[in-house]
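Beneath this line is the structure, given in structure tokens, with notes to follow.
Protein chains: 2
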Amino acid sequence: MAEAYYLHVTDKLRDVLLTDDTAWVNDNGKLPAERELAQRFETTRVTLRQALAQLEGEGRIHRSNRRGWFVSPKRLEYDPTRDAGFNDYVRDQGRLPRTEVLSVSTSSHPPAAKALGLVADQTFYHIRRRRYVDERAVLVESLWVVPERAPGLLDERFDFSLWKLLREKWNLRLSHRSISMVSEALQGADARELGVAAGTAGLNICRTILDGDQRPVEYDEEHWLHDALSIRVELKQHR
Amino acid sequence: MAEAYYLHVTDKLRDVLLTDDTAWVNDNGKLPAERELAQRFETTRVTLRQALAQLEGEGRIHRSNRRGWFVSPKRLEYDPTRDAGFNDYVRDQGRLPRTEVLSVSTSSHPPAAKALGLVADQTFYHIRRRRYVDERAVLVESLWVVPERAPGLLDERFDFSLWKLLREKWNLRLSHRSISMVSEALQGADARELGVAAGTAGLNICRTILDGDQRPVEYDEEHWLHDALSIRVELKQHR
DNA sequence: TAGTGGTCTAGACCACTCT
DNA sequence: GAGTGGTCTAGACCACTAC
Numbered sequence: 001m002a003e004a005y006y007l008h009v010t011d012k013l014r015d016v017l018l019t020d021d022t023a024w025v026n027d028n029g030k031l032p033a034e035r036e037l038a039q040r041f042e043t044t045r046v047t048l049r050q051a052l053a054q055l056e057g058e059g060r061i062h063r064s065n066r067r068g069w070f071v072s073p074k075r076l077e078y079d080p081t082r083d084a085g086f087n088d089y090v091r092d093q094g095r096l097p098r099t100e101v102l103s104v105s106t107s108s109h110p111p112a113a114k115a116l117g118l119v120a121d122q123t124f125y126h127i128r129r130r131r132y133v134d135e136r137a138v139l140v141e142s143l144w145v146v147p148e149r150a151p152g153l154l155d156e157r158f159d160f161s162l163w164k165l166l167r168e169k170w171n172l173r174l175s176h177r178s179i180s181m182v183s184e185a186l187q188g189a190d191a192r193e194l195g196v197a198a199g200t201a202g203l204n205i206c207r208t209i210l211d212g213d214q215r216p217v218e219y220d221e222e223h224w225l226h227d228a229l230s231i232r233v234e235l236k237q238h239r
Numbered sequence: 001m002a003e004a005y006y007l008h009v010t011d012k013l014r015d016v017l018l019t020d021d022t023a024w025v026n027d028n029g030k031l032p033a034e035r036e037l038a039q040r041f042e043t044t045r046v047t048l049r050q051a052l053a054q055l056e057g058e059g060r061i062h063r064s065n066r067r068g069w070f071v072s073p074k075r076l077e078y079d080p081t082r083d084a085g086f087n088d089y090v091r092d093q094g095r096l097p098r099t100e101v102l103s104v105s106t107s108s109h110p111p112a113a114k115a116l117g118l119v120a121d122q123t124f125y126h127i128r129r130r131r132y133v134d135e136r137a138v139l140v141e142s143l144w145v146v147p148e149r150a151p152g153l154l155d156e157r158f159d160f161s162l163w164k165l166l167r168e169k170w171n172l173r174l175s176h177r178s179i180s181m182v183s184e185a186l187q188g189a190d191a192r193e194l195g196v197a198a199g200t201a202g203l204n205i206c207r208t209i210l211d212g213d214q215r216p217v218e219y220d221e222e223h224w225l226h227d228a229l230s231i232r233v234e235l236k237q238h239r
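Sequence lines, in order, name chains A and B.
Take the first sequence: its letter number 205 is residue 205 in UniProt numbering, and every next letter is one higher.
Take the second sequence: its letter number 174 is residue 174 in UniProt numbering, and every next letter is one higher.
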């Protein structure tokens, strides 16, 4: 086999995506319909979709609900060790941030308790948010905050920086204990809330946050679209 | 649509993978043939493969060449900010490491030069290696070392820790300047050398290394199988 | 050589979005 | 209501692996 035909289609599409040819990508960044593309390449939808899946894996295109395939915007550069708020670093990169609060409740969450070194049935304030860059939903996150650190927190608004709130209102000095990152396939509520198909590639980032006295404050679980971010950690020189 | 059938197949397979039922997974961790599985689920290979692709995205199974589908082993925990050698941290987790040197040469590499703040046509020692965990190839990497920092480096052996070599023979004190991580689809040589299909999900990790006097030493580009690792960064408390 | 995964065809119906 | 992506069928041939 010289080369699979779908790889040829992939290469051709990758090329045209780098141009702004309106024959291939309209003004909204949308590609032609799958049937249309299949015709142009004189193949079937199955084969054409293999090529699209490749480009999706490369983070070049993505699909939104059943609306079609779109060119993916530039990845957001994200340093999970920095405590700059989402809104700040998105704006710093010339993009438009937005945060939606999906739910607020009180509940236990054993993984959070374990990460923070608390008993498994520890009760947390649970805040769930969806965050957008340029009006594209790029992540959903769940925050579990230890109530003792921020009594009455749930009366606040959460569509801006939680860290700023904790610092200013509860005078907490926050720092990371650990961060873990693992690739995942977005499932269930995570996929639904991001408007993507179950199984879409994602990145799961979990952070454990302590205060200045090393007391547990918060556990944070983020589910990102894999093509929405590029992680970059700048390290201080030690020794 | 209540639920797509392939998602039902996915769920069922996910369940049996958690058991050690030899009706589904043989002693080598291999699943039955696709045609066999399709028959058991009374569906076609296309639909069955959708389910397998889901589980592959979740990092639960993977394919090796054309040999079939295998249960993926536990992810390796990896802290890219630590300077512990690959061999050390793999063994610390009770696994068996192995390193293969694929090529050694002298060449320029503009991305490395840029990251290290050198002129684009800077010449580097280029070392390419493939690394295994329990005899599964999990990453390929390219190292670009600034020759001035380690003259004569290419006469050494590279199947063990490069850092140890640089420390002991050239007396370099090494530290990270930056680390970047981005999801990718493994392509070309990277995919071939890992024995996976083009487009397989991967993780690209790039590191910039300086010496104690902040002089550029090395640029490191790693391509991992996405299901082979879990990144975990433990942070020192600052302030 | 037999069996496997990799690729591909030529259709079909459904659920959802858009207008 | 038209068009789209999502799902599915029932086959086929090829290249490669394992024996």
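Backbone N, C-alpha and C fix where the C-beta goes; we use that ideal spot for every residue, glycine too.
Here's the rule I'm using: 16 or more other beta-carbon atoms within 10 Å means buried, otherwise exposed. How should GLU3(A) be labelled?
exposed
Can you list the residues of chain A that VAL196(B) reaches, using a CB-CB cut of under 7 Å?
Per Cβ cutoff of 7 Å: no residues; VAL196(B) is ~12 Å from chain A at best.
Is it true that the region 21-32 of chain B meets the region 67-79 of chain B, where meeting means three or more beta-carbon pairs spaced less than 8 Å apart?
yes
At least 3 beta-carbon pairs within less than 8 Å: the region 73-93 of chain A vs the region 188-200 of chain A:
no
Pairing CB atoms from the region 219-227 of chain B with CB atoms from the region 167-175 of chain A, are three or more of them under 8 Å?
no
If we ignore side chains and look at the alpha-carbon of each, how far apart do ARG207(A) and GLU141(A) end up?
11 Å
Please confirm whether any heavy atom of the ligand ADP lies closer than 6 Å to the CB of ASP227(B).
The ligand ADP is absent from the structure shown, which contains no ligand whatsoever.
Between HIS62(A) and chain B, is there a C-beta pair that is closer than 7 Å?
no
CB VAL9(A) to CB ALA51(A), shorter than 7 Å?
yes
Determine whether the Cβ of ILE205(A) lies closer than 7 Å to any Cβ atom of chain B.
no
In its own chain, which residues sit with a C-beta less than 7 Å from the C-beta of TYR5(B), not counting the 5 before and 5 after it?
THR43 and THR47
Neighbourhood of THR99(A) by C-beta, 8 Å cutoff - its chain only, sequence neighbours within 5 removed:
PHE86, ASN87, ARG129, ARG130, ARG131, TYR132, PHE158, ASP159 and PHE160
Between VAL233(B) and chain A, is there a C-beta pair that is closer than 7 Å?
yes
According to a CB-to-CB cut-off of less than 7 Å, which residues of the UniProt domain "HTH gntR-type" (3-74) of chain A neighbour chain B?
LEU7, GLN54, GLY57, GLU58 and GLY59
At a CB-CB cut-off below 7 Å, which residues of chain A make contact with GLY199(B)?
GLN54 and GLY57
Under the three-state reduction of DSSP, which class applies to VAL46(A): helix, strand or coil?
helix
Straight-line CA distance for ARG95(B) to LEU116(A)?
28 Å
My output table needs one value for ALA197(B): the three-state DSSP class, helix, strand or coil.
coil
What residues in the region 165-177 of chain B have a beta carbon less than 9 Å from any beta carbon of chain A?
ARG173, SER175, HIS176 and ARG177
Put VAL133(B) into one of helix, strand or coil per three-state DSSP.
strand
Mind checking which residues open and close the alpha helix (DSSP H) that includes VAL16(B)?
5-18
With distances taken from CA atoms, which of ILE127(A), PRO110(A), ILE179(A) and ARG66(A) is nearest ARG82(A)?
ILE179(A)
Endpoints, the alpha helix (DSSP H) within which GLU36(B) is located:
34-40
Using a Cβ-Cβ cut-off of 7 Å, state whether SER108(A) counts as contacting chain B.
no
Can you check whether the C-beta of residue 323(B) is within less than 7 Å of a C-beta belonging to chain A?
There is simply no residue 323(B) to check, as chain B begins at 1 and stops at 239 in what is shown.
GLU184(A) versus chain B: which residues are under 9 Å apart at the beta carbon?
GLY57, GLU58 and GLY59
So what's ALA53(B) in DSSP terms, helix, strand or just coil?
helix
Closer than 8 Å, Cβ to Cβ, to anything on chain A: give me those residues from the region 112-129 of chain B, in chain order.
none
From the beta carbon of ILE179(A), is the nearest beta carbon of chain B less than 7 Å away?
yes
Unbroken stretches of the beta strand (DSSP E), 3 residues or longer, contained in the region 70-106 of chain B:
76-78
Short of 8 Å in beta carbon distance, which residues of its chain neighbour ARG40(A), apart from the five on each side in sequence? Order them along the chain.
PRO32
Please say whether ILE205(A) and PRO97(A) have beta carbons closer to each other than 7 Å?
no
Contact with chain A by SER230(B), beta-carbon distance below 7 Å:
yes
Quick one: measure Cβ to Cβ for TRP144(A) and HIS109(A), integer angstroms, because I've assumed they're closer than 8 Å.
5 Å
Just the chain A side, please: which residues come within less than 8 Å of THR81(B) by C-beta, in chain order?
VAL233 and LEU235
With a cut-off of 8 Å on the beta carbons, I'd call LEU203(B) and SER230(B) a contact; round off their distance for me.
With 8 Å as the limit, LEU203(B) and SER230(B) do not qualify as a contact, their Cβ atoms being about 10 Å apart.
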